[in-house]
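Remarks on the structure that follows.
Protein chains: 4
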Amino acid sequence: MINIRRLSLDEAKILLEGAENKAKELGIPVSVAVVDEEGYLIAFHRMDEARLIGMETAINKAFTSAVSKRPTRMYSEIALPGKPAYGIQNSFNGKFTTLRGGLPIEVDGRVVGAIGVGGAPSGEQDEEIARFALEHLKKKSGLNVNTSI
Amino acid sequence: MINIRRLSLDEAKILLEGAENKAKELGIPVSVAVVDEEGYLIAFHRMDEARLIGMETAINKAFTSAVSKRPTRMYSEIALPGKPAYGIQNSFNGKFTTLRGGLPIEVDGRVVGAIGVGGAPSGEQDEEIARFALEHLKKKSGLNVNTSI
Amino acid sequence: MINIRRLSLDEAKILLEGAENKAKELGIPVSVAVVDEEGYLIAFHRMDEARLIGMETAINKAFTSAVSKRPTRMYSEIALPGKPAYGIQNSFNGKFTTLRGGLPIEVDGRVVGAIGVGGAPSGEQDEEIARFALEHLKKKSGLNVNTSI
Amino acid sequence: MINIRRLSLDEAKILLEGAENKAKELGIPVSVAVVDEEGYLIAFHRMDEARLIGMETAINKAFTSAVSKRPTRMYSEIALPGKPAYGIQNSFNGKFTTLRGGLPIEVDGRVVGAIGVGGAPSGEQDEEIARFALEHLKKKSGLNVNTSI
Chain A
46 MINIRRLSLD EAKILLEGAE NKAKELGIPV SVAVVDEEGY LIAFHRMDEA
96 RLIGMETAIN KAFTSAVSKR PTRMYSEIAL PGKPAYGIQN SFNGKFTTLR
146 GGLPIEVDGR VVGAIGVGGA PSGEQDEEIA RFALEHLKKK SGLNVNTSI
Chain B
46 MINIRRLSLD EAKILLEGAE NKAKELGIPV SVAVVDEEGY LIAFHRMDEA
96 RLIGMETAIN KAFTSAVSKR PTRMYSEIAL PGKPAYGIQN SFNGKFTTLR
146 GGLPIEVDGR VVGAIGVGGA PSGEQDEEIA RFALEHLKKK SGLNVNTSI
Chain C
46 MINIRRLSLD EAKILLEGAE NKAKELGIPV SVAVVDEEGY LIAFHRMDEA
96 RLIGMETAIN KAFTSAVSKR PTRMYSEIAL PGKPAYGIQN SFNGKFTTLR
146 GGLPIEVDGR VVGAIGVGGA PSGEQDEEIA RFALEHLKKK SGLNVNTSI
Chain D
46 MINIRRLSLD EAKILLEGAE NKAKELGIPV SVAVVDEEGY LIAFHRMDEA
96 RLIGMETAIN KAFTSAVSKR PTRMYSEIAL PGKPAYGIQN SFNGKFTTLR
146 GGLPIEVDGR VVGAIGVGGA PSGEQDEEIA RFALEHLKKK SGLNVNTSI
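Protein chains in written order, with this note's numbering: chain A, 46 to 194; chain B, 46 to 194; chain C, 46 to 194; chain D, 46 to 194.
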């Protein structure tokens, strides 16, 4: 038997709350997806007036970070033509994404889920909101979350 | 110009809260999806220990009730072989479902979104939880929600 | 955090060994898939001369038993037209199957994975082989496996 | 009539054993897929703690090497924009991959199957593990396997 730790719904709600707080502060309505450590959706919120594209990309970003255990930012670089992971974006019928804004949620050094944010004008802003959510989870839950991933 | 009324994220959260309260009371972990009046996801929660099949079916039930403006219960009957809507379950690449547990959210006689619940042992229980969520929204928001749909 | 127990690769290999032993005894070459508790493939073997259809169905049966926490035998009955789960076979793009031969692997009352067998002349034989694999795991590992599921 | 030689399940198990031995030596949990000469799965193992992305890519790499009779390494170069095979990665609905780590299994100059490894930090490591598996098969089975492909 392998023992796995997985985010609970209550912890996912804290992440959503953190992301929404940051998004409101920035005045950017986004979609936020939280998935478990194998990429299945636990919780999702789409803010009023958010662009629909962010709904699709938030879910895909979270999925990608869960199955790869990597920030999607990494694939925005290494999946370019000529780079080592070129072609990986075709995996899982295109659900694997090279867009920034997905972060694995690492607690005590183990990936327990992932978060994806979509719909901000730039991927950097999506990632900023996702990272703020990790910090919010760390603060509110006391869990040893890796916020500099 | 057409004026559309659509559920807000805050109202969707009230629906999720109602569904989770009822699911906890029944001791049945489920997934709950709330979509807008065009079937796109606004909010989703998967409770701890819920069966994964409910994640897929909750989203499909909500989608089906939004695009058809009908409870999915109706299609569990009229989409049987030989009945008038037989074949409709192939619509939208199989996303249109005949499983009970999806209800349109009708406010002042207009469909403004839909809710789908999945993962309970029976479709009747899924629908019971979805209906409780409508009642919870009606009570908490003061909106004129049709709870006997 | 939720604590999850999941089959290891070594345990999956014991399941495959058990299934192959039984299939050889019956003189029926089959495919056998073992998935984790969320339906992702851990191990798969296709025996020499096995029909290719069994490769596809073994994987889908294991997936279905994992995400539903039920034997697929149940869906061969309740997903018939007019029965309560009619339509569920469209879930997950048709990967959810109503074919017999998939069993959840329940240890200490929790589903930790699933097994699917495909390619035998009948679904009853597929299930017989799958069940023998559960018994083999129980005997060899000492785990408290539910073999009468 | 055409006579085809194809890997047996027992030979596929030797390949998996070789790959796992090497992966353990390197301390890298991976997924390993072995397919027949037409790209259909014979055997698959996902090691404990392996990243899920490797499950998908291992299968796709093995498939690609079988149907093309080439190491996938070749496509990581000739399928780049402007190169002769650009666009081939869209074949088979994206299952044809440009990621390194897939090798055809050539015995007596004929392709009898293929192996794919996925989930290591780099494609070079995936290929190293796949090549070790070929050497292991050659040594253990006495077959005339091309290990410098």
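Backbone N, C-alpha and C define an ideal beta-carbon position, used for all residues, glycine too.
If you're wondering where the values come from, they're calculated on a predicted model, not measured in any experiment.
Among residues of its own chain, excluding the 5 on either side of residue i, which ones have a beta-carbon nearer than 6 Å to its beta-carbon?
| i | result |
| --- | --- |
| K114 (chain A) | P149, V156 |
| L188 (chain A) | V152 |
| H181 (chain B) | G63 |
| T143 (chain C) | Y120, S121, A124, Q134 |
| K140 (chain B) | N105, F108 |
| A57 (chain B) | V79, I87, A88 |
| V190 (chain D) | V152, L179, L182, K183 |
| N138 (chain D) | none |
Pick from the options: whose alpha carbon is nearest that of residue i?
| i | options | result |
| --- | --- | --- |
| D93 (chain D) | D:D171, D:L52, D:I104, D:G72 | D:G72 |
| A103 (chain B) | A:A88, A:T109, A:A103 | A:A88 |
| Q170 (chain B) | B:A68, B:I47, B:K183 | B:A68 |
| V52 (chain C) | C:F137, C:S193, C:L179 | Note that residue 52 (chain C) is Leu in the sequence shown, not Val. Minimum Cα distance to L52 (chain C) is reached at C:L179. |
| A95 (chain C) | D:Y85, D:P116, D:A95, D:F137 | D:Y85 |
Which residues in the same chain as residue i place their Cβ atom closer than 7 Å to its Cβ, once the five residues preceding and following it in sequence are excluded?
| i | result |
| --- | --- |
| L125 (chain A) | Y131 |
| R118 (chain D) | R145, E172 |
| I49 (chain C) | E82 |
| I194 (chain D) | P116, L148, P149, E151 |
| R91 (chain B) | S76, M100 |
| G127 (chain A) | none |
Between residue i and residue j, how many whole angstroms is the CB-CB distance? I'm expecting something under 8 Å.
| i | j | result |
| --- | --- | --- |
| I158 (chain B) | V80 (chain B) | Checking the sequence shown, residue 158 (chain B) turns out to be Gly, not Ile. Right, their Cβ atoms sit about 6 Å apart. |
| G146 (chain C) | A175 (chain C) | 6 Å |
| I59 (chain C) | A107 (chain C) | Incorrect: roughly 15 Å between the Cβ atoms, too far for contact. |
| E83 (chain C) | E83 (chain A) | 5 Å |
| V77 (chain A) | L54 (chain A) | That pair is no contact at about 14 Å. |
| G154 (chain D) | P129 (chain A) | Actually they are not in contact, since the Cβ atoms of G154 (chain D) and P129 (chain A) sit about 31 Å apart, beyond 8 Å. |
| T192 (chain C) | K183 (chain C) | 6 Å |
Could you tell me if the beta carbon of residue i falls within a distance shorter than 7 Å of some heavy atom in the ligand MN?
| i | result |
| --- | --- |
| I160 (chain B) | Here there are no bound small molecules, and the ligand MN is not part of this structure. |
Can you name, in chain order, every residue of its own chain whose Cβ lies under 8 Å from the Cβ of residue i, other than the five neighbours on each side?
| i | result |
| --- | --- |
| N66 (chain A) | F177, H181 |
| S136 (chain C) | none |
| I47 (chain D) | none |
Quick check: the segment 98-105 of chain C against the segment 164-174 of chain C, are there 3 or more CB pairs under 8 Å?
When Cβ pairs closer than 8 Å are counted between the two stretches, the segment 98-105 of chain C is seen to touch the segment 164-174 of chain C, the count reaching three or more.
For a minimum of 3 consecutive residues, which ranges assigned as the beta strand (DSSP E) are wholly contained in the segment 140-182 of chain C?
As far as the segment 140-182 of chain C is concerned, its whole beta strand (DSSP E) runs of at least 3 residues are 147-152, 155-163.
Which full runs of the alpha helix (DSSP H) of 4+ residues lie inside the segment 94-144 of chain D, going along the chain?
The segment 94-144 of chain D is shown to contain whole alpha helix (DSSP H) runs of 4 or more residues at 97-113, 117-123, in chain order.
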